[in-house]
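**Student:** So the sequence shown is numbered by UniProt numbering: it starts at 1 and just counts up by one.
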Amino acid sequence: MTTQMPHATRGINEEESNSYTSFEAVGGDWADIARAAEQVGEEHIVVNLGPVHPSTHGVLRVQVELDGENVKEVRAATGFLHTGIEKNMEYRTWTQGVAFCTRMDYVAPIFQEVAYCLGVEKMLGIADQVPQRAQAIRVLLMELTRISSHLVGIGSGGNELGATTMLTLTFRAREDILRLLEDVTGLRMNHEYIRPGGVLNDVPEGFTDYCRELLPKVRQTISEMQDLTMKNPIFLDRHVNVGVSPLSSMMALSMTGPSVRAAGIPWDLRKTQPYCGYEKYEFDVPVADKADAYNRIDVKFRECYESLRICYQVLDELDKTAGEPVIVGDKKIAWPAQLSIAGDGQGSTPEHVREIMTESMESLIHHFKLVTEGFRVPPGQSYTMVEHPKGVFGVHLVSDGGTRPYRAHFRDPGFNNLQSLSVMAEGGMLADLIVSLAGVDPVMGGVDR
Numbered sequence: 001m002t003t004q005m006p007h008a009t010r011g012i013n014e015e016e017s018n019s020y021t022s023f024e025a026v027g028g029d030w031a032d033i034a035r036a037a038e039q040v041g042e043e044h045i046v047v048n049l050g051p052v053h054p055s056t057h058g059v060l061r062v063q064v065e066l067d068g069e070n071v072k073e074v075r076a077a078t079g080f081l082h083t084g085i086e087k088n089m090e091y092r093t094w095t096q097g098v099a100f101c102t103r104m105d106y107v108a109p110i111f112q113e114v115a116y117c118l119g120v121e122k123m124l125g126i127a128d129q130v131p132q133r134a135q136a137i138r139v140l141l142m143e144l145t146r147i148s149s150h151l152v153g154i155g156s157g158g159n160e161l162g163a164t165t166m167l168t169l170t171f172r173a174r175e176d177i178l179r180l181l182e183d184v185t186g187l188r189m190n191h192e193y194i195r196p197g198g199v200l201n202d203v204p205e206g207f208t209d210y211c212r213e214l215l216p217k218v219r220q221t222i223s224e225m226q227d228l229t230m231k232n233p234i235f236l237d238r239h240v241n242v243g244v245s246p247l248s249s250m251m252a253l254s255m256t257g258p259s260v261r262a263a264g265i266p267w268d269l270r271k272t273q274p275y276c277g278y279e280k281y282e283f284d285v286p287v288a289d290k291a292d293a294y295n296r297i298d299v300k301f302r303e304c305y306e307s308l309r310i311c312y313q314v315l316d317e318l319d320k321t322a323g324e325p326v327i328v329g330d331k332k333i334a335w336p337a338q339l340s341i342a343g344d345g346q347g348s349t350p351e352h353v354r355e356i357m358t359e360s361m362e363s364l365i366h367h368f369k370l371v372t373e374g375f376r377v378p379p380g381q382s383y384t385m386v387e388h389p390k391g392v393f394g395v396h397l398v399s400d401g402g403t404r405p406y407r408a409h410f411r412d413p414g415f416n417n418l419q420s421l422s423v424m425a426e427g428g429m430l431a432d433l434i435v436s437l438a439g440v441d442p443v444m445g446g447v448d449r
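1) Would you identify the three-state DSSP class for G402, choosing helix, strand or coil?
2) Distance check for H239 and R195, CA to CA, integer angstroms please.
3) Rounding to the nearest angstrom, what Cα-Cα distance links N201 and V326 in this structure?
4) Using the Cα positions of T165 and G198, report the straight-line distance between them to the nearest angstrom.
5) Would you say M424 and E69 are within 8 Å of each other, going by their C-beta atoms?
6) Could you tell me which uninterrupted alpha helix (DSSP H) segments, each at least 4 residues in length, are contained entirely in the stretch 89-162, listed from first to last along the chain?
7) Suppose contacts are defined by Cβ-Cβ distances below 8 Å. Is S436 in contact with V242 by that definition?
8) Which term fits E351, buried or exposed, when burial requires 16 or more other beta carbons within 10 angstroms of its beta carbon?
9) Restricting to runs no shorter than 4 residues, where is the alpha helix (DSSP H) found entirely within the stretch 225-284?
10) Taking its Cβ as the centre, do 16 or more other Cβ atoms sit within 10 Å of A108, making it buried, or is it exposed?
11) Under the DSSP definition of a beta bridge, which residues are partnered with M429?
12) For T384, report the span of its beta strand (DSSP E) as first-last.
13) Tell me whether the beta-carbon of V260 lies closer than 8 Å to the beta-carbon of D292.
14) Compute the distance between the beta-carbons of L318 and V203, then report whether it is under 8 Å.
15) Along the chain, where does the beta strand (DSSP E) that runs through A408 open and close?
16) Should F111 and V386 be called a contact, given that it needs their Cβ atoms to be closer than 8 Å?
17) Do the stretch 97-106 and the stretch 182-193 make contact, defined as three or more Cβ pairs closer than 8 Å?
18) Going by alpha carbons, who is nearest to L49 out of A431, V447, R270 and I147?
19) Pick from V152, G427, Y383 and F283: whose alpha carbon is nearest that of I297?
20) Counting Cβ pairs, one atom from each stretch, are 3 or more of them under 8 Å apart for the stretch 159-175 and the stretch 411-423?
21) Grouping DSSP H, G and I as helix and E and B as strand, with all else coil, what is L180?
22) D441 and G390 - do their beta-carbons sit closer together than 8 Å?
23) Using three-state DSSP, classify I434 as helix, strand or coil.
24) Is the CB-CB distance between A115 and E121 below 8 Å?
25) Out of V139, T170 and G157, state which residue places its alpha-carbon closest to the alpha-carbon of S148.
26) On a Cα-Cα basis, can you pick out the residue from K290, Y383 and A31 that is closest to S249?
27) Is F393 helix, strand or coil when you go by DSSP?
28) State yes or no: is the C-beta of V98 within less than 8 Å of the C-beta of C117?
29) Please classify H44 as buried or exposed, where buried requires at least 16 neighbouring CB atoms within 10 angstroms.
30) Quick one: Cα of A438 to Cα of G155, how far?
31) CB-CB under 8 Å to L269, same chain, minus the five flanking residues each way: which ones, in chain order?
32) Going by C-alpha distance, which of Q226, G158, C211 and R219 is nearest E182?
33) Hey, could you find the ends of the alpha helix (DSSP H) H82 is sitting in?
34) Considering only the alpha carbon of each residue, which of A77, R404 and V71 lies closest to D448?
35) Could you tell me which residues DSSP puts in a beta bridge with V46?
This is the structure:
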């Protein structure tokens, strides 16, 4: 018996020593575990899975104690990236913070940008002034990114089991989504597009038609991935009743996202605590009856279809609101770049450059001060949450009244979800450990920050 405590020294239950050996984790470190296992004289070994990329988008080290092929104890060791994002943000303006937090979960960057900007807007007192068109654009980009994130998690997990076709299909759909994101933001990843008060620029002309052209292809790829997996006998053997997390353990570990919904709890912030106008859109929250590896993937597939439902509703709204503003009217807050995306790349519009360089000294001074110094945020703090593809993503921001965050801290769902790895994997086979890890779908840029 191995408890959930992190370190171990070992004692043998003499009454049961003839049939099997019982161990209890009570303290110490992994060197002690290895020595104790050697003294017992059985085939207990401690191995390092990594630090490599075992279906985790990033560097993770998993320490595993094995009895043959059976997993006796698992510890996930993070901290290999050291990006220092939260500390770096204290030395940049509030607007520049977007460029840092977007790089945390780099598979779903828009969600960090939106959550961060919602927190800044709350402290500025302009949350209800953000234009509806800007909110609709945020929702569209988040739902496109949700599909991409889910598919990357499913496809990379399949690839770890030898199903390479899953990964090729994943990147086919992801390419279509990245084309749409690039058309709007100018970048495929780490977009730096969401800004306090709205978004950087409006969607380009013809974007809604382009989106309607590509979304059916994305839907077809999702359907193909389902056909390859959800009734495949090999896939069923590897996923059904594998990596099970009891609901009580998930609640104790503060898990959120598809794992909790797979256990039957329809907890989705888009429904329970709507933001960015989600209350206007019709969609369902998929649930299942057990949080095992199979149901986690099933829930993610069904969430992709619900995201497509939302996308089509947003596209209709964007057609109706064409020409409306996409950032707050307060020029002391609104980013002044007024970018345009043309054949030669992305840059300021000629009209804006002409005004600040030849027509208005006041506009030039305002532009210079807002870009170099940034706007001031009143003293206070805010905590904001959004429904990230991996679960609840939280942002705690503190302002001392200056032009830079006094403190920024992020609750990444991957960090909390990763704590469940031992619950899912211990007592199973080594081969099932990778399946359990893929089901959690941590992105180490968010876990480590």
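Ideal placement from N, C-alpha and C gives every residue a C-beta, glycine not left out. Computed from a predicted model, the values in this text were never measured in an experiment.
**Tutor:** From the atom records:
1) coil
2) 41 Å
3) 7 Å
4) 39 Å
5) no
6) 97-101, 109-124 and 132-160
7) yes
8) exposed
9) 233-239, 247-252, 258-262 and 269-272
10) buried
11) N70
12) G380 to H388
13) no
14) yes
15) R407 to R411
16) yes
17) yes
18) A431
19) V152
20) no
21) helix
22) Per the sequence shown, residue 390 should be read as Lys rather than Gly. Yes.
23) helix
24) no
25) T170
26) K290
27) strand
28) yes
29) buried
30) 9 Å
31) Y275, M385, V386, E387 and V392
32) C211
33) Taken as a continuous stretch (DSSP letters only), H82 belongs to no alpha helix (DSSP H), as it is neither H nor E.
34) A77
35) E65
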